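What follows is a single structure, written as structure tokens, with notes after it.
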Amino acid sequence: MLTQLQSKEMFLRCEISGHQVCTLVFFTKSKIKSIIYLTLDLHATSQEEIITELMSNLQCVKDLNERLQIQMNCMKRTIMDKENEVKELIYLKSEMERQFYNAIKDVEQKINTQSHEVQCFLLRRINILCEKFLKTLDAVNGLKTVCYLRSDSSAKLKRTAEQLRTDNDEKQVLIELLKQENHSLQNMKMNTEKKLNTLQQALVEKDSLIEELHAKNGELLADMEKASMVIAQKKVTIEELSKDVVQANQMLVNFNQKYDAKCKLLDSLESQLKSKNHIIHEELSKNSELQREFDEYKAVFNEESYEKIRRNLVTTQNKVDELEQNIRKVNRLNALLSNKVNEITH
Numbered sequence: 269m270l271t272q273l274q275s276k277e278m279f280l281r282c283e284i285s286g287h288q289v290c291t292l293v294f295f296t297k298s299k300i301k302s303i304i305y306l307t308l309d310l311h312a313t314s315q316e317e318i319i320t321e322l323m324s325n326l327q328c329v330k331d332l333n334e335r336l337q338i339q340m341n342c343m344k345r346t347i348m349d350k351e352n353e354v355k356e357l358i359y360l361k362s363e364m365e366r367q368f369y370n371a372i373k374d375v376e377q378k379i380n381t382q383s384h385e386v387q388c389f390l391l392r393r394i395n396i397l398c399e400k401f402l403k404t405l406d407a408v409n410g411l412k413t414v415c416y417l418r419s420d421s422s423a424k425l426k427r428t429a430e431q432l433r434t435d436n437d438e439k440q441v442l443i444e445l446l447k448q449e450n451h452s453l454q455n456m457k458m459n460t461e462k463k464l465n466t467l468q469q470a471l472v473e474k475d476s477l478i479e480e481l482h483a484k485n486g487e488l489l490a491d492m493e494k495a496s497m498v499i500a501q502k503k504v505t506i507e508e509l510s511k512d513v514v515q516a517n518q519m520l521v522n523f524n525q526k527y528d529a530k531c532k533l534l535d536s537l538e539s540q541l542k543s544k545n546h547i548i549h550e551e552l553s554k555n556s557e558l559q560r561e562f563d564e565y566k567a568v569f570n571e572e573s574y575e576k577i578r579r580n581l582v583t584t585q586n587k588v589d590e591l592e593q594n595i596r597k598v599n600r601l602n603a604l605l606s607n608k609v610n611e612i613t614h
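Residue numbers for the sequence shown, in the working numbering: 269 to 614.
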């Protein structure tokens, strides 16, 4: 049809039949009469309805963006609070390690001091016993010499031997006491080592808990990055909608300009339309049929537009649901972190 119009095999004229209705007529000219191939009734679209609908959609998107921005700020504040709590836990861990190391140093120093004192005491007692034993040997040797020299002093030697035996028994009792004291010191050392192992195990558990908290914090930051990406996508969608509104306004301006030009053209053609009234009466039946087909086409077009808008709304709702799921995950992670922090503080 466009080719025929360009080659002037077919002609187009516009007829005004009402205040808001105009008819486009496609026809050909012959020597006898004009043959009409197609007529289209065009109705003016309300600009206020289009602008109102675009503004309402834009306002809905702005409200959604504001709600998402508020949620984003809340999540940022929550993450900052959790980071502060983690920093406090790390500081508490360092303080506990410092106290633990100081306690270990004190215990080792006490053990070393007591061990050194016990060793010194044992060495002194052993030296004293050795000196007494040597003196005893010297006395025994002297007694043996005296026994060989003086046979009449056997009774005296027996008394001296008994006294030496008594001294030896006393020294044996003292050695047993020293052995018992050494055994008690060994038990004390073993108990101290057990306590040291228990403290080391508690420190390892604290380190594992700190690592787990670091991992949870990393997951929370990853969820925040995902939420930031979703909000950036929302901003891109809002910018696209703003561009669509600008394009729609430009289309309306162009349409108004074309409509004004058509009105001027229609004013110039009114004289010709008066002479064609009898042709319009003949084509009323055809016009009614075309009107019905145009109404069906318009209904289908409106349904397609409504379906497109509905799909866009479903897509937006799915994105909002996904963001809400991410927020719920972040809340669960916050609850877990709070429980861990409470367990550590208690």
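Using N, Cα and C, we set each Cβ at its ideal position, and we do this for glycine too. Since the structure is predicted, the reported quantities are computational estimates derived from the model, not experimental observations.
Please return the same chain residues whose Cβ sits closer than 7 Å to the Cβ of residue i, not counting the five positions on each side in sequence.
i, result
"lysine 361", "Lys474, Ile478"
"isoleucine 303", "Phe295, Thr296"
"aspartate 589", "none"
"glutamine 339", "Ile595"
Please state if the CB of residue j and the CB of residue i are separated by a distance shorter than 9 Å.
i, j, result
"isoleucine 318", "leucine 489", "no"
"threonine 307", "threonine 291", "yes"
"asparagine 594", "lysine 494", "yes"
"histidine 482", "valine 354", "yes"
"methionine 456", "glutamine 382", "yes"
"valine 598", "methionine 343", "yes"
"valine 293", "cysteine 282", "yes"
"leucine 432", "valine 408", "yes"
"threonine 584", "leucine 336", "no"
"threonine 428", "leucine 411", "yes"
"glutamine 501", "lysine 587", "yes"
Assign residue i to one of three DSSP states: helix, strand, or coil.
i, result
"glutamate 277", "coil"
"lysine 299", "coil"
"threonine 291", "strand"
"threonine 313", "coil"
Measure how close the beta-carbons of residue i and residue j come, nearest whole angstrom, since I'm counting them as under 8 Å.
i, j, result
"lysine 484", "leucine 601", "6 Å"
"methionine 278", "tyrosine 305", "7 Å"
"leucine 397", "lysine 439", "6 Å"
"arginine 393", "leucine 446", "6 Å"
"isoleucine 379", "threonine 460", "6 Å"
"leucine 280", "leucine 273", "6 Å"
Going by beta carbon distance, what residues of the same chain come within less than 8 Å of residue i, once the five residues before and after it are set aside?
i, result
"glutamate 368", "Per the sequence shown, residue 368 should be read as phenylalanine rather than glutamate. Once the five neighbours on either side are set aside, the close Cβ partners of phenylalanine 368 are Leu467, Leu471."
"glutamate 487", "Leu601"
"histidine 311", "Gln288, Val289"
"isoleucine 372", "Leu464, Leu467"
"leucine 453", "Gln382, Ser383, Val386"
Whose C-beta lies closer than 6 Å to the C-beta of residue i among residues of the same chain, with five residues either side of it excluded?
i, result
"valine 375", "Thr460"
(request) Let me know the beta strand (DSSP E) ranges lying completely inside the region 317-345, each 3 residues or longer, listed in chain order. (result) none
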